[in-house]
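Residue numbers (my numbering): 1474 to 2008. For every residue, glycine included, the Cβ atom is placed at its ideal position computed from N, Cα and C. Right, one structure below, let's go through it.
See the structure below:
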């Protein structure tokens, strides 16, 4: 087009001159009309002279005349407004790469399960052999909730989960909860578990791909007790993945280890059960081949059929209070039905899943489970995620809105923020904390862990005070902390009940105008304070 009008540009209006210039690949913004015309003439002469002349025009000092689509690519273009490219990678070798070194991994795990961290002498060698042989292991990673200081975290755990139970309907439209506390996605204990650096580091060390860029997928808590109306529900046997994806998947898929953190001492008749060894090469595939086709379902979660043609040998793996159970994804697992006389069984499930290098994609989760940004937004809003980590739509566990007394913990550090999607894993402050946690200086790593626990302890108590006040101010006579409260069925509560307390406004105004001083300060570990070193 430029060739057709170049000899008659003075007969073309200014607006159409600019249109033609843009179609020819020239930029016209911030140029006067004479400048636009002059550049069009220069480009026309280059076109007449041949391809080499046009190439020289687009690569020389006149390169900035052209739009990005019409100028040859140069590496420096990727810098944008930056002047310099990166000259080195920091760190030179990532933690993920170093964890493939057996000696490095062994040293890291030794610290994570040391008495200074777990608070007890523990046979880590036998446990890791169990991990290799069975594909599942129980580790005392969260004992500090019960042993640090006065056990304040444990008391918060008990009281807050009981509060959520108080507010949870056991049956909704004919569906029974089967021992799941479907309103509790973001209790304090769930937030602490999701962000705990020791639990995270152990997951990274045990994953076959040793991925260190993980995010905790929100999941509701387990609170299983005997229910007279539904006495034998709560049992299940399944694999939390699509079997075909596990058999034919890459390292990312088979590295999606999972597990739970137990809040009670479990018994052999009331705990998780596993089919050990299914992580070994060919075991899952051979079992699946023997399964009759009519039972092979192409679903996000695969229910297990115990058939003579494809039998399973179940083994119970009871956890103690504060144990983290970590299990390979190929293992069928389940739980026994509830029964009369059973002890209370409570668990939280942090669901740490891989974040890809784009800081968005979750390659271990099926399509539909969302992105890292979806998880972060759900956590900020304290609502359920788009789907389960396995990609199943959320139906029975869907809550219509954020629980009014749900409180997010203050930031526990850069690494913890990354674990809930609030920072990227390539942020320098996150990398620095990783380097300390996994680094060669084990005393520095221990100080980091203890300092983190001190911050977490204070943050949990601060949040709990707000939760208690908000729950009482919001629910009044129906408050869990109201000693006269009754367990009202949802259907019996009329709208007139909801704002029936005459002194509601007075109480709220007095509370929020008065303010609170929770005594927050620095949470660095005092090396002279022996109480902080005794877990």
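Q) How far does the beta strand (DSSP E) with residue 1731 in it reach, from first residue to last? A) For the purposes of this step, residue 1731 is taken as the residue at position 258 of the chain shown. Residue 1731: member of the beta strand (DSSP E) spanning 1731–1735, first to last residue.
Q | Whether residue 1894 touches residue 1864 by CB criterion (7 Å) | A | The residue labelled residue 1894 in the question sits at position 421 within the chain shown. The residue labelled residue 1864 in the question sits at position 391 within the chain shown. Cβ distance not < 7 Å, so residue 1894 and residue 1864 don't count as in contact.
Q) Buried or exposed: which applies to residue 1834, given that a residue is buried once 16 or more other Cβ atoms fall within 10 Å of its Cβ? A) Residue 1834 sits at position 361 when you count from the first residue of the chain shown. Classification for residue 1834: exposed.
Q: Count the other CB atoms, across all protein chains shown, that sit within 10 Å of the CB of residue 1801; report buried if there are 16 or more and exposed otherwise.
A: Position 328 of the chain shown, counted from the start, is the residue given in the question as residue 1801. Buried, because 16 or more other Cβ atoms sit within 10 Å of the Cβ of residue 1801.
Q. Can we say the region 1633–1643 touches the region 1692–1707, given the rule of at least three CB pairs closer than 8 Å?
A. With a cut-off of 8 Å, the region 1692–1707 and the region 1633–1643 count as touching, because enough Cβ pairs lie within range.
Q. Span of the alpha helix (DSSP H) holding residue 1889?
A. Position 416 of the chain shown holds residue 1889. Run containing residue 1889: 1887–1892, per the alpha helix (DSSP H) assignment.
**Q.** Residues sharing a beta bridge with residue 1820, DSSP
**A.** Residue mapping note: residue 1820 aligns to position 347 of the chain shown, counting from 1. DSSP, once it has assigned bridges, lists 1695, 1735 as partnering residue 1820.
Q: Please state whether DSSP places residue 1611 in a helix, a strand or coil.
A: Looking up residue 1611 in the chain shown gives position 138. Strand, per DSSP.
(Q) What residue range does the beta strand (DSSP E) around residue 1806 cover? (A) Against the chain shown, residue 1806 aligns to sequence position 333. Note, residue 1806: beta strand (DSSP E), 1806–1808.
Q. In chain order, what residues of the same chain lie with their CB nearer than 7 Å to the CB of residue 1545, ignoring the 5 residues before and after it?
A. The sequence position of residue 1545 within the chain shown is 72, counting from 1. By the criterion of a C-beta distance shorter than 7 Å, residue 1545 is surrounded in its chain by 1531, 1532, once the five residues flanking it on both sides are discounted.
(Q) So, with DSSP's three-state summary, where would you put residue 1770? (A) By one-based count along the chain shown, residue 1770 stands at place 297. Coil at residue 1770, not helix or strand.
Q) Exposed or buried, residue 1916, counting other C-beta atoms within 10 Å across all chains shown (16 or more means buried)? A) As a first step, residue 1916 must be located in the chain shown, where it is residue number 443. It is exposed - the Cβ of residue 1916 has fewer than 16 other Cβ atoms within 10 Å.
Q. With which residues is residue 1747 paired in a DSSP beta bridge?
A. Sequence index remark: in the chain shown, residue 1747 carries index 274 (1-based). Partner(s): 1788, 1806.
Q.
The alpha helix (DSSP H) that contains residue 1539, what's its start and end?
A. Counting from one through the chain shown, the residue named residue 1539 turns up at place 66. For residue 1539, there is no enclosing alpha helix (DSSP H), since its DSSP letter is neither H nor E.
Q. So, is residue 1652 buried or exposed, given that buried needs 16 or more other C-beta atoms within 10 angstroms?
A. Within the chain shown, the letter at position 179 stands for residue 1652. Counting other Cβ atoms within 10 Å of its Cβ, residue 1652 reaches 16 or more and is therefore classed as buried.
Q: Quick one: using the 10 Å Cβ neighbour count with 16 as the cut-off for buried, is residue 1704 buried or exposed?
A: Counted from its first residue, the chain shown places residue 1704 at position 231. The Cβ neighbour count for residue 1704, taken over all protein chains shown within 10 Å, is under 16; the residue is labelled exposed.
Q) From what residue to what residue does the alpha helix (DSSP H) around residue 1508 run? A) For the purposes of this step, residue 1508 is taken as residue 35 along the chain shown, with counting starting at 1. For residue 1508, the uninterrupted alpha helix (DSSP H) run begins and ends at 1506–1522, by DSSP.
Q) Which residue comes first and which comes last in the alpha helix (DSSP H) that contains residue 1674? A) For the purposes of this step, residue 1674 is taken as the residue at position 201 of the chain shown. First-last of the alpha helix (DSSP H) with residue 1674: 1670–1679.
(Q) For residue 1629, count the other beta carbons within 10 Å of its own beta carbon; 16 or more makes it buried, fewer makes it exposed. Which is it? (A) The count along the chain shown starts at 1 and reaches residue 1629 at position 156. Classification for residue 1629: buried.
Q. Which residue or residues does DSSP assign as beta-bridge partners of residue 1944?
A. Here residue 1944 refers to the residue found at position 471 when the chain shown is read from its first residue. According to DSSP, residue 1944 bridges with nothing at all.
Q) Quick one: Cα of residue 1839 to Cα of residue 1547, how far? A) Against the chain shown, residue 1839 aligns to sequence position 366. Against the chain shown, residue 1547 aligns to sequence position 74. Each residue's alpha carbon lies about 37 Å from the other.
Q. For residue 1823 versus residue 1607, is the C-beta spacing smaller than 7 Å?
A. Position 350 of the chain shown, counted from the start, is the residue given in the question as residue 1823. Position 134 of the chain shown, counted from the start, is the residue given in the question as residue 1607. No. Outside cutoff.
Q. So residue 1825 is in the beta strand (DSSP E); what residue range does that whole segment cover?
A. Here the question's residue 1825 lines up with position 352 in the chain shown. Looking at the DSSP string, the run of the beta strand (DSSP E) that includes residue 1825 is 1825–1827.
Q. In chain order, which continuous runs of the alpha helix (DSSP H) of length 4 or greater are located wholly inside the region 1833–1876?
A. Counting only runs of 4 or more, we get 1845–1854.
**Q.** Between the CA atoms of residue 1583 and residue 1943 - distance to the nearest angstrom
**A.** As a first step, residue 1943 is located in the chain shown; it is residue number 470 there, counting from the start. As a first step, residue 1583 is located in the chain shown; it is residue number 110 there, counting from the start. One C-alpha to the other measures close to 42 Å.
Q) If you count every other CB in all the chains shown that lies within 10 Å of the CB of residue 1503, and 16 or more means buried, which is it? A) Position 30 of the chain shown, counting from 1, holds the residue named residue 1503. Taking all protein chains shown into account, residue 1503 has fewer than 16 neighbouring C-beta atoms within 10 Å of its C-beta and is therefore exposed.
(Q) With a threshold of 7 Å between beta-carbons, can residue 1931 be considered close to chain C, or not? (A) Of the chains in the structure shown, none is chain C; there is only one protein chain.
Q) Would you call residue 1663 buried or exposed, if buried means 16 or more other Cβ atoms sit within 10 Å of its Cβ? A) Indexing the chain shown from 1 puts residue 1663 at position 190. With a 10 Å radius around the Cβ and a threshold of 16 neighbouring Cβ atoms, residue 1663 comes out buried.
Q) Which class does residue 1499 belong to by DSSP, given the choice of helix, strand or coil? A) By 1-based counting over the chain shown, the position of residue 1499 is 26. In the structure shown, residue 1499 sits in a strand (DSSP, three-state: E or B).
Q | Under the three-state DSSP convention, the category residue 1619 falls into | A | The residue given as residue 1619 occupies position 146 in the chain shown. The answer is helix: DSSP assigns residue 1619 an H, G or I state.
Q.
Looking only at its chain, what residues have a beta carbon closer than 7 Å to the beta carbon of residue 1741, apart from the 5 residues adjacent to it on each side?
A. Numbered from 1 along the chain shown, position 268 holds the residue referred to as residue 1741. Contacts found: 1789, 1791.
Q.
If distances are taken between C-alpha atoms only, which option among 1526, 1485, 1523 comes closest to residue 1506?
A. Taking the chain shown and counting its residues from 1, the one referred to as residue 1506 is at position 33. Nearest of 1526, 1485, 1523 to residue 1506, Cα basis: 1485.
Q.
What would DSSP say about residue 1711, mapped onto helix, strand or coil?
A. In the chain shown, residue 1711 corresponds to position 238, counting from 1. Residue 1711 sits in a strand when the DSSP states are folded into three classes.
Q | C-alpha distance - residue 1611 paired with residue 1939, whole-angstrom precision | A | Mapped onto the chain shown, residue 1611 falls at position 138. Mapped onto the chain shown, residue 1939 falls at position 466. Distance between residue 1611 and residue 1939, taken at the CA atoms: about 34 Å.
Q) For residue 1706, which of helix, strand or coil comes out of DSSP? A) The sequence position of residue 1706 within the chain shown is 233, counting from 1. In this structure, residue 1706 counts as coil in the three-state DSSP scheme.
Q) Where does residue 1529 fall in DSSP's three states? A) Position 56 of the chain shown, counting from 1, holds the residue named residue 1529. Looking at residue 1529 - three-state DSSP - the assignment turns out to be helix.
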